[in-house]
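Chemist:
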Amino acid sequence: KAQKKKSLRFYTSQIAQKANKRGAAGRGAGGDDDVPHRERLRDRQARLNAEAEKRGHEKADIGDDLGGASDEEDHAQAREIRDAAGPDNDNEYYDMVASKSSKKKSDKAALAKAQKEAALVGGEVIEQEVVGDDGKRKISYLIEKNKGLTPHRKKDVRNPRVKKRKKYDEEKKKLASMKPVYKGGEGRGGYGGELTGIKKGLVKSTKL
Numbered sequence: 010k011a012q013k014k015k016s017l018r019f020y021t022s023q024i025a026q027k028a029n030k031r032g033a034a035g036r037g038a039g040g041d042d043d044v045p046h047r048e049r050l051r052d053r054q055a056r057l058n059a060e061a062e063k064r065g066h067e068k069a070d071i072g073d074d075l076g077g078a079s080d081e082e083d084h085a086q087a088r089e090i091r092d093a094a095g096p097d098n099d100n101e102y103y104d105m106v107a108s109k110s111s112k113k114k115s116d117k118a119a120l121a122k123a124q125k126e127a128a129l130v131g132g133e134v135i136e137q138e139v140v141g142d143d144g145k146r147k148i149s150y151l152i153e154k155n156k157g158l159t160p161h162r163k164k165d166v167r168n169p170r171v172k173k174r175k176k177y178d179e180e181k182k183k184l185a186s187m188k189p190v191y192k193g194g195e196g197r198g199g200y201g202g203e204l205t206g207i208k209k210g211l212v213k214s215t216k217l
């Protein structure tokens, strides 16, 4: 009997606790609780920075597991090699790459301009062959692209699927000019008569 009383007291206390929780939640709720609040810029930046820092720590831990010390040694060796080459070595290399790129762009622009001017007067631009310091000539566009005797094709013909699709559409049009073709039944609003009018001399039937 005492155990029964104890279990009843336990259940009633649980029910009372749940009721109190619900009541407290209801009191704190307002009409704008379900409206999404825009996050402040500072808060957002702080959150993103914290997430990035956490990711960085995780990556560092993974690197240690996979031999982070060896990576540090590699970086140290690379640093030593760069220092031995001298500080001006990197700058020289980057200057060379930049000058090469700018020269290529300027040559391309000059060629386009010359071709445009030649087209206006009905002429043609022939590039002069330049022999390099090593005694070798630069290969031409024809050699570089290696097109050979490939005929000029339309863009649609290059893709077999598109080619067949276009051919099918053309044949459908041709068939529609020879005999009646089903085009999806009546339109909206029911049959409204022949839109093109009735032609007495037109025959589209197939003879058996």
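Quick note on this note's numbering: the sequence shown kicks off at 10 and runs consecutively. Cβ coordinates follow ideal geometry from the N, Cα and C atoms, glycine included. Since this is a predicted model, take the numbers as computed values, not measurements.
If you drop the 5 nearest sequence neighbours on each side, which residues of the same chain put their C-beta closer than 8 Å to that of valine 140?
Modeler: For this step, residue 140 is matched to residue 131 along the sequence shown. Arg146.
Chemist: What's the C-alpha gap between glutamate 153 and threonine 159?
Modeler: For the purposes of this step, residue 153 is taken as the residue at position 144 of the sequence shown. For the purposes of this step, residue 159 is taken as the residue at position 150 of the sequence shown. Near 14 Å, if we compare the C-alpha coordinates of threonine 159 and glutamate 153.
Chemist: Based on the DSSP output, what are the partners of valine 140 in its beta bridges?
Modeler: Within the sequence shown, residue 140 is the residue found at index 131, counting from 1. Paired residue(s): Arg146.
Chemist: Give me the Cα-Cα distance between alanine 128 and lysine 183, rounded to the nearest whole angstrom.
Modeler: Position 119 of the sequence shown, counting from 1, holds the residue named residue 128. Position 174 of the sequence shown, counting from 1, holds the residue named residue 183. Looking at the two C-alpha atoms, the distance is approximately 42 Å.
Chemist: Assuming lysine 213 and lysine 188 make a contact with CB atoms under 8 Å, what is their CB distance in whole Å?
Modeler: On the sequence shown, residue 213 is found 204 positions in, with the first residue counted as 1. On the sequence shown, residue 188 is found 179 positions in, with the first residue counted as 1. About 5 Å; that satisfies the 8 Å criterion.
Chemist: In this structure, does DSSP put asparagine 58 in helix, strand or coil?
Modeler: Counting from one through the sequence shown, the residue named residue 58 turns up at place 49. Three-state DSSP puts asparagine 58 in a helix.
Chemist: Are there any heavy atoms of the ligand COA lying less than 6 Å away from the beta-carbon of lysine 192, as far as the coordinates show?
Modeler: The ligand COA is not part of this structure, which contains no ligands at all.
Chemist: I'd like the span of the alpha helix (DSSP H) that includes leucine 184, first residue to last.
Modeler: By 1-based counting over the sequence shown, the position of residue 184 is 175. Counting along the chain, the alpha helix (DSSP H) containing leucine 184 begins and ends at 169-187.
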